[in-house]
Amino acid sequence: MGIPSSQQVLEALSTIQDPDLGRDVVSLGMIKELDVSPAGRVSFTFELTTPACPVRDRFKSQAEDAVGALGGVTGVEVRMTANVRPAFMRPKPSEILPGVKQTIAVASGKGGVGKSTVAVNLAAALSKSGAAVGLLDADIYGPSVPVMTGSRRMPQQSNGHLLPIEAHGMKLMSFGHLNPGDEPTIYRGPMVGKAIEAMMVQVDWGRLDYLVIDLPPGTGDASLTLAQVVPLTGVAIVCTPQDVATDIAVKALQMFRRLNVTPLGLIENMSWYVCPSCGHRHEIFSHGGAESAAKRLGVPFLGAIPLEEGIREDADSGTPVVISRPESAGAKAFVEIASQVAARTSIQSFRQLPVINVH
Amino acid sequence: MTVTWENGAHSTYTGEQLRWACPCAECRGEAGAPGRLSRVKSLNDDELKIRDVTLVGQYALQIAFESGHATGIYTFSLLRSLVQ
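Those protein sequences? They're chains F and H, same order as listed.
If you're matching positions, the first sequence starts at 244 in the numbering used here and goes up one per residue.
If you're matching positions, the second sequence starts at 31 in the numbering used here and goes up one per residue.
Below is the structure:
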């Protein structure tokens, strides 16, 4: 029996479906550098759309099995890589953030549900998976990112641009870096919009796979500015399980829908608490509220995060829990949610925004 | 102006049609006060000619006319309703 042709190998691989993109991996252009040696050794690169791919291991074994089952194959070498594709099949990069492939907003509507904690850990988890990640703290009045990342320093300037602060492998920018200490920022609405725009335009973000944007609470100036100045890939909504929080989260989600920003899904924070003395699981803020709200609204439920002292301690001491205690239940929940977010984000790479021609 | 929508469908608009549909507060009026478009009978040529169109986020277009008028944010749903 002879060795299989490249075409036969591709046909075998085209039986593998990407569950999120709903197409086979060959037509999605994920198989590259295919080589079949005269001795029947098949090697190729399997290029995922995100390094945080939730089905990475499954794809690898499916690819090995599909190719290994072909007659004449003596060995299979699959090189797994990832290349984040830009959101929306844009003919040219966005003018406002030219080097940024995907922009992910984290919003909640209601305050105090842990938006910043989620944003910081989501960014850290994406960065740990191997992606180039930036985190923009768009909360002008209550910036939390500098403390949570232990990055309370003034940004440097270069060629009239501000350089983002680098910490934990991420690029960060917050109004708390620019206006540190106890001094409040006392701004009216239009100034908030300008400040957020400036943090996008005047900061040299460089090349990023993901820019995570931590939004302030509310459905007003900050969210509206953001939805107007950048083509957001999507928005992840954080809420706690009780009705008073999910009700407001739903408002935030509907606002983004109104602005044609895709909801990536709902995240339930402070979902349960395991008491360290009695070992019992307590559901202080109720449980499952976000999941049922997601179902009702027809958006994905991205996962639940426990209430853990460690998450709070590490946030106060400036290291995201996904980095400081990767084995904790909280960190694992964040990593899982990050890969769900990344998968949902990848879908947006295959969408096309309306094209306008004036003649 | 022609828009090719996400699903591949096309919609075509004239500058005149879009100018008279301008949704901004000055044209539509606000707080019970009538807007400019309900007060005037006709518009000059430079008010009807499109100079530039920019995408606003991913939900609307901002259309600038030769007269300098550019305060209207035309949402995609408004634009779709104009051709129905």
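Beta carbons: idealized from backbone N, C-alpha and C, even for Gly.
If you drop the 5 nearest sequence neighbours on each side, which residues of the same chain put their C-beta closer than 6 Å to that of residue i?
i, result
"residue 294 of chain F", "325, 372, 373, 374"
"residue 94 of chain H", "81, 82, 100"
"residue 435 of chain F", "383, 464, 465"
"residue 483 of chain F", "356, 512, 513, 528"
"residue 524 of chain F", "515, 517"
"residue 504 of chain F", "470, 475, 478"
Report yes if the CB atom of residue i is closer than 9 Å to the CB atom of residue j, and no otherwise.
i, j, result
"residue 585 of chain F", "residue 340 of chain F", "no"
"residue 467 of chain F", "residue 475 of chain F", "no"
"residue 419 of chain F", "residue 387 of chain F", "yes"
"residue 103 of chain H", "residue 57 of chain H", "no"
"residue 460 of chain F", "residue 417 of chain F", "no"
"residue 591 of chain F", "residue 345 of chain F", "yes"
"residue 33 of chain H", "residue 274 of chain F", "no"
"residue 514 of chain F", "residue 526 of chain F", "yes"
"residue 471 of chain F", "residue 502 of chain F", "yes"
"residue 453 of chain F", "residue 384 of chain F", "no"
"residue 343 of chain F", "residue 320 of chain F", "no"
"residue 597 of chain F", "residue 85 of chain H", "yes"
"residue 507 of chain F", "residue 545 of chain F", "yes"
"residue 550 of chain F", "residue 516 of chain F", "yes"
"residue 415 of chain F", "residue 447 of chain F", "no"
"residue 445 of chain F", "residue 477 of chain F", "no"
"residue 322 of chain F", "residue 287 of chain F", "yes"
"residue 439 of chain F", "residue 488 of chain F", "no"
"residue 581 of chain F", "residue 364 of chain F", "yes"
"residue 247 of chain F", "residue 313 of chain F", "yes"
"residue 91 of chain H", "residue 41 of chain H", "no"
If you drop the 5 nearest sequence neighbours on each side, which residues of the same chain put their C-beta closer than 8 Å to that of residue i?
i, result
"residue 309 of chain F", "255, 256, 258, 259"
"residue 264 of chain F", "271, 292, 589, 590, 593"
"residue 290 of chain F", "272, 273, 274, 275, 324, 325, 326"
"residue 76 of chain H", "95, 96, 97"
"residue 548 of chain F", "357, 361, 510, 511, 512, 513, 514, 554, 573, 576, 577, 580"
"residue 538 of chain F", "544"
"residue 427 of chain F", "384"
Note down the Cα distance separating residue i from residue j, rounded to an integer number of angstroms.
i, j, result
"residue 562 of chain F", "residue 51 of chain H", "52 Å"
"residue 479 of chain F", "residue 347 of chain F", "7 Å"
"residue 78 of chain H", "residue 98 of chain H", "11 Å"
"residue 315 of chain F", "residue 305 of chain F", "18 Å"
"residue 280 of chain F", "residue 587 of chain F", "37 Å"
"residue 663 of chain F", "residue 528 of chain F", "Shown here, chain F extends from 244 to 602; a query on residue 663 of chain F therefore has no answer."
"residue 45 of chain H", "residue 80 of chain H", "6 Å"
"residue 421 of chain F", "residue 398 of chain F", "7 Å"
"residue 105 of chain H", "residue 37 of chain H", "17 Å"
"residue 556 of chain F", "residue 572 of chain F", "15 Å"
"residue 253 of chain F", "residue 267 of chain F", "11 Å"
"residue 543 of chain F", "residue 245 of chain F", "47 Å"
"residue 3 of chain H", "residue 69 of chain H", "Coverage of chain H is limited to positions 31 through 114, which leaves residue 3 of chain H absent and any answer about it impossible."
"residue 338 of chain F", "residue 602 of chain F", "23 Å"
"residue 96 of chain H", "residue 74 of chain H", "10 Å"
"residue 554 of chain F", "residue 63 of chain H", "54 Å"
"residue 408 of chain F", "residue 251 of chain F", "49 Å"
"residue 575 of chain F", "residue 303 of chain F", "22 Å"
"residue 423 of chain F", "residue 107 of chain H", "43 Å"
"residue 564 of chain F", "residue 579 of chain F", "14 Å"
"residue 269 of chain F", "residue 457 of chain F", "35 Å"
"residue 567 of chain F", "residue 43 of chain H", "56 Å"
"residue 39 of chain H", "residue 71 of chain H", "33 Å"
"residue 109 of chain H", "residue 531 of chain F", "39 Å"
"residue 604 of chain F", "residue 442 of chain F", "Only positions 244 to 602 of chain F appear in the structure, and residue 604 of chain F is not among them; the question remains open."
Among the residues of its own chain, which have a CB less than 7 Å from the CB of residue i, if the five just before and after it don't count?
i, result
"residue 366 of chain F", "376, 378, 413, 455"
"residue 481 of chain F", "349, 351, 356, 357, 358, 361, 510, 512"
"residue 331 of chain F", "474, 591, 594, 595, 596"
"residue 494 of chain F", "352, 462"
"residue 671 of chain F", "Missing from the structure shown is residue 671 of chain F; chain F here goes from 244 to 602 and no further."
"residue 317 of chain F", "282, 283, 284"
Taking 8 Å as the cut-off, is the C-beta of residue i nearer than that to any heavy atom in the ligand NAD?
i, result
"residue 273 of chain F", "For the structure depicted, the ligand NAD is absent and the ligand set is empty, with no information on it obtainable."
If we define contact as Cβ-Cβ less than 9 Å, is residue i a contact residue for chain B?
i, result
"residue 565 of chain F", "Looking for chain B here will not work: the only protein chains present are F and H."
Taking only runs that begin and end inside the segment 515–601 of chain F, name each unbroken beta strand (DSSP E) of 3 or more residues, in chain order.
When DSSP assignments are scanned along the segment 515–601 of chain F, the uninterrupted stretches of beta strand (DSSP E) that are 3 or more residues long and fall wholly within it turn out to be 544–547, 598–600.
Against chain F: residues of the segment 34–66 of chain H by CB proximity under 8 Å:
Within the segment 34–66 of chain H, 34, 35, 36 place their CB atoms closer than 8 Å to a CB of chain F, listed in sequence order.
Considering only residues of the segment 289–372 of chain F, which uninterrupted beta strand (DSSP E) runs meet the minimum length of 3 residues and lie entirely inside it, listed in chain order?
Restricting attention to beta strand (DSSP E) runs no shorter than 3 residues, the segment 289–372 of chain F encloses them at 318–325, 343–350, ordered along the chain.
Using Cβ-Cβ distances below 9 Å, what residues of the segment 576–601 of chain F are close to chain H?
Along the segment 576–601 of chain F, going in chain order, the ones with a CB nearer than 9 Å to a CB of chain H are 594, 595, 596, 597, 598, 599, 600, 601.
With 9 Å as the C-beta to C-beta threshold (strictly closer), list the residues of the segment 473–486 of chain F near chain H in chain order.
From the segment 473–486 of chain F, only 473, 474, 475 have a Cβ closer than 9 Å to chain H.
With 9 Å as the limit, tell me which residues of the segment 501–532 of chain F have their beta carbon closer than that to any beta carbon of chain H; keep them in chain order.
Residues are counted here when their Cβ sits less than 9 Å from a Cβ of chain H; for the segment 501–532 of chain F these are 501, 502, 503, 504, 505, given in chain order.
So if I threshold CB-CB distances at 8 Å, which residues from the segment 65–88 of chain H count as touching chain F?
From the segment 65–88 of chain H, only 80, 82, 83, 85, 86, 87, 88 have a Cβ closer than 8 Å to chain F.
Uninterrupted alpha helix (DSSP H) stretches inside the segment 377–432 of chain F (no shorter than 4 residues)
Counting whole runs of 4 or more residues, the segment 377–432 of chain F contains the alpha helix (DSSP H) stretches 388–391, 418–421.
Residues within the segment 97–114 of chain H neighbouring chain F, beta-carbon criterion of under 7 Å:
Here the close residues are 106.
Output the residue ranges of the alpha helix (DSSP H) runs that lie fully inside the segment 443–515 of chain F and measure 4 residues or longer, sorted by chain position.
If we require 4 residues or more, the alpha helix (DSSP H) runs fully inside the segment 443–515 of chain F come out as 464–472, 486–501.
Residue ranges of each beta strand (DSSP E) run of no fewer than 3 residues wholly in the segment 250–285 of chain F, ordered along the chain?
Fully enclosed beta strand (DSSP E) runs of 3 or longer: 274–279.
Residues in the segment 331–353 of chain F with C-beta within 9 Å of chain H's C-beta atoms, listed in sequence order?
Contacts with chain H (Cβ-Cβ distance below 9 Å) from the segment 331–353 of chain F involve 331, listed in chain order.
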